[in-house]
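Q:
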Amino acid sequence: MKFGARKWRHEEINTLEAVAALFAQLQARIAAEEKLRYLAEHDDLTGLHNRRALLAHLSERLAAGTPGPVAVLYLDLDRLKSINDYLGHNAGDWFIRLFAQRLRGCVGGQSMIARLGGDEFVVIPDQAMSKGAAESFARRLSSMLRERLAIGGHQITRTVSIGLAVGMPGRDDGTDLLRRADEAVLTAKRAGGNQVALATDDMSLKSAFRNDIELHLQGDIDSDALVLHYLPEVDLWTGAVVAAEALVRWRHPIWGCCCRTRSSGWPSPPTSPANSADV
9 MKFGARKWRH
19 EEINTLEAVA
29 ALFAQLQARI
39 AAEEKLRYLA
49 EHDDLTGLHN
59 RRALLAHLSE
69 RLAAGTPGPV
79 AVLYLDLDRL
89 KSINDYLGHN
99 AGDWFIRLFA
109 QRLRGCVGGQ
119 SMIARLGGDE
129 FVVIPDQAMS
139 KGAAESFARR
149 LSSMLRERLA
159 IGGHQITRTV
169 SIGLAVGMPG
179 RDDGTDLLRR
189 ADEAVLTAKR
199 AGGNQVALAT
209 DDMSLKSAFR
219 NDIELHLQGD
229 IDSDALVLHY
239 LPEVDLWTGA
249 VVAAEALVRW
259 RHPIWGCCCR
269 TRSSGWPSPP
279 TSPANSADV
């Protein structure tokens, strides 16, 4: 090997080969680290961001001094299970991939889009949005996502329920804002799906109480925390007590004496208007 008129010595060639090998190893290591970082922040099925990347992004957007308000849209596909049951889970996965592609196209820009698993997605628009603007955006997004998708010769339409929460930088926490959007989408699902629901304080109260029930009611039944209250029925003509209605009450250590509501079947906290109703 020559450089100009000078012939390279074997020692120099060996040195160059060693340096080239080191550069190749460094490049391979950098590529491996980038791949690991990508896998740590993205969903395997769709290539969208995952929960970890979403929370990191939310933390940055809600830092004091950044533009706000910040809108969080929590999307939940309606009736995806029927696709899995009828066409198989491979078709369900294919539908989710197509839905993710359409979601990217509808949202566009630098907005954060994440898949949290199953049929749940989150969108954080890259621009500051008021509640009214965010709700209008959510309704437009819901309409665009209803268009048919072709899977294995089938033209399939699925609606989406959207829960919406809006927070202010320097005041709200990302995890709490995501939880409120999740509560809102559950409200939209319970109302029949294909709806947009805006998170409210009353919604958070009911969600906290519902979670409390699921965690503690069975144990309180076993510990005799349910008591009977008797409501007399009086004959208005004679004033005599002619019957009594037995009502179950739950002696909750925090919420106090709770009753079962007609509408939901769940006990309601004392602060809820439903608690004043008989069952």
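In the working numbering, each residue's number is its place in the sequence shown (first place is 1) plus 8. Even glycine gets a Cβ: it sits at the ideal position worked out from N, Cα and C.
(1) Between the segment 107-123 and the segment 43-61, do three or more beta carbon pairs fall short of 8 Å?
(2) Taking the DSSP output, what are the residues bridged to Ala252?
(3) What is the DSSP secondary structure of Ala199, counted as helix, strand or coil?
(4) Given a cut-off of 8 Å, decide if Val250 and Glu241 are closer than it, judged by their beta-carbon atoms.
(5) Please name the residue or residues paired with Phe129 in a DSSP beta bridge.
(6) In this structure, does DSSP put Arg259 in helix, strand or coil?
(7) Counting pairs of Cβ atoms below 8 Å between the segment 36-53 and the segment 134-142, do you hit three or more?
(8) To which residues of the same chain is Asp134 closer than 8 Å at the C-beta, ignoring the five residues directly before and after it?
(9) Cutting at 8 Å between CB atoms, please list the residues of its own chain near Arg257, excluding the five before and the five after it.
(10) Looking only at C-alpha atoms, which of Ala36, Pro77, Asp86 and His50 sits nearest to Gly201?
(11) Rounded to the nearest angstrom, how far is the Cβ of Glu49 from that of Asn58, given a contact under 8 Å?
(12) Could you compute how far the alpha carbon of His162 sits from the alpha carbon of Ala192?
(13) Closest to Gly76 by C-alpha separation, out of Gly247, Leu244, Asp180 and Ala196, would be which residue?
(14) According to the neighbour-count rule (16 or more other Cβ atoms, all chains shown, within 10 Å of its Cβ), is Ser231 buried or exposed?
(15) If you scan the segment 172-218 from start to end, which runs of the beta strand (DSSP E) of 3 or more residues do you find wholly inside it?
(16) With 16 as the cutoff for other CB atoms within 10 Å, does Val27 come out buried or exposed?
(17) Tell me which same chain residues have a C-beta within less than 7 Å of the C-beta of Leu62, skipping the five on either side of it?
(18) Pick out whichever of Gln203, Ala136 and Arg188 has its Cα sitting closest to the Cα of Val153.
(19) Which value, in whole angstroms, describes the spacing of the CA atoms of Gln333 and His65?
A: Reading it off the structure:
(1) The answer is yes - the segment 43-61 touches the segment 107-123, with three or more Cβ pairs under 8 Å.
(2) Pro240
(3) DSSP places Ala199 in coil when its eight states are reduced to three.
(4) Judged by their CB atoms, Glu241 and Val250 are nearer to each other than the 8 Å cut-off.
(5) Leu83 and Arg123
(6) strand
(7) Under the Cβ criterion (8 Å, minimum of three pairs), the segment 36-53 does not count as touching the segment 134-142.
(8) Gly117, Gln118, Ser119 and Met120
(9) Leu234, Val235, Leu236, His237, Cys265, Cys266 and Cys267
(10) Asp86
(11) 6 Å
(12) 32 Å
(13) Asp180
(14) exposed
(15) 204-206
(16) exposed
(17) Met120, Ala122 and Val130
(18) Before going further, note that residue 153 is Leu rather than Val in the sequence given. Answer by Cα proximity: Gln203.
(19) Nothing can be reported for residue 333: it is not among the residues displayed for the chain, which extend from 9 to 287.
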